[in-house]
Ligand code: MN
């Protein structure tokens with residue numbers, strides 16, 4: 102690659118989020134950086150796309166855009182509407198999310214989905230997440246500098262891999278990282294709360310979801326790596342078929 106790499110950045114915390122701004126600033130050392138991110142927070146939007154209403158666009162300055170949709174909408178538009186990018190990007194980065202995306206969170210995460218939307222279309226992509234409560238400038242900037250080192254290595258490795266595409270899910274530990282570990286997706290257990298309430302008009306509504314109560318501390322998982330102070334790097338599959346259950350499906354089909 103003789104030209105400077107083109108790097109597209111999105112997130113799910115919204116275009117004004119600190120993690121995204123720090124990643125944008127740090128990644129500019131690597132190449133031509135373009136941000137297309139949600140106008141408002143879209144955490145836990147998973148891989149949804151918006152097809153039932155128009156998508157509005159704001160251009161704040163050169164190479165800094167927002168779309169009033171999901172992270173997947175942002176990547177889709179950036180790739181298929183010509184005005185955003187000078188050419189097909191070499192790398193897509195998503196984050197740095199405020200809050201970890203460990204274990205089963207990879208299914209709910211808008212941050213991961215933004216990266217996956219690019220990887221599904223053959224572009225190497227990385228989702229970055231930092232622990233909750235990590236919005237102090239020094240910590241965000243430290244994570245961004247580690248993110249850029251990983252992005253740089255990933256660019257080189259993807260180039261050497263001759264077009265084999267990868268999707269990486271990266272989580273940073275709380276303190277200065279002791280190193281980087283390749284991990285598997287673990288299991289996080291959250292409270293399964295439903296809180297029914299009434300609005301001032303007397304109509305009932307619900308809050309769902311809860312806080313983390315347990316994370317599987319099995320050796321080799323993403324959660325265990327960050328807990329022990331390492332940067333966790335997990336390659337995520339793009340293939341949805343569960344090969345281990347083909348035989349079960351065949352038994353269902355036969356009867
Ligand atoms: Mn988020």
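Numbering (the numbering used here), first residue to last: 102 to 356. From the three backbone atoms N, C-alpha and C, an ideal C-beta is built for every residue, glycine too. It should be emphasised that the depicted structure is a prediction, and the values quoted were computed from it without experimental measurement.
Let me confirm a value: residue i is counted as buried when at least 16 other C-beta atoms fall within 10 Å, else exposed. Which label applies?
{"i": "residue 284", "result": "buried"}
{"i": "residue 105", "result": "exposed"}
{"i": "residue 344", "result": "exposed"}
{"i": "residue 204", "result": "buried"}
{"i": "residue 331", "result": "buried"}
{"i": "residue 348", "result": "exposed"}
{"i": "residue 130", "result": "exposed"}
{"i": "residue 305", "result": "exposed"}
{"i": "residue 340", "result": "exposed"}
{"i": "residue 287", "result": "buried"}
{"i": "residue 201", "result": "buried"}
Inspect the beta-carbon positions of residue i and residue j and report whether they are closer than 8 Å.
{"i": "residue 107", "j": "residue 188", "result": "yes"}
{"i": "residue 314", "j": "residue 294", "result": "no"}
{"i": "residue 167", "j": "residue 113", "result": "no"}
{"i": "residue 227", "j": "residue 258", "result": "no"}
{"i": "residue 252", "j": "residue 214", "result": "no"}
{"i": "residue 268", "j": "residue 192", "result": "no"}
{"i": "residue 110", "j": "residue 127", "result": "no"}
{"i": "residue 312", "j": "residue 292", "result": "yes"}
{"i": "residue 170", "j": "residue 139", "result": "yes"}
{"i": "residue 143", "j": "residue 211", "result": "yes"}
{"i": "residue 326", "j": "residue 333", "result": "yes"}
### Query
Can you list, in chain order, every residue whose CB sits closer than 5 Å to a heavy atom of ligand 1?
So the residues near ligand 1 by this Cβ test are 113, 114, 144, 198.
### Message
Count Cβ pairs between the stretch 131-149 and the stretch 277-294 that sit closer than 8 Å; are there 3 or more?
### Response
The stretch 131-149, when compared against the stretch 277-294, does not touch it at the 8 Å Cβ threshold.
### Contact between the stretch 191-206 and the stretch 108-126 (3+ Cβ pairs under 8 Å)
Yes, they touch.
### Query
Do the stretch 292-310 and the stretch 240-260 touch if we need at least three Cβ pairs shorter than 8 Å?
Segments in contact, no.
### Three or more C-beta pairs below 8 Å linking the stretch 164-178 and the stretch 141-156
In the pairwise beta carbon analysis, the stretch 164-178 is classified as touching the stretch 141-156: at least three pairs are separated by under 8 Å.
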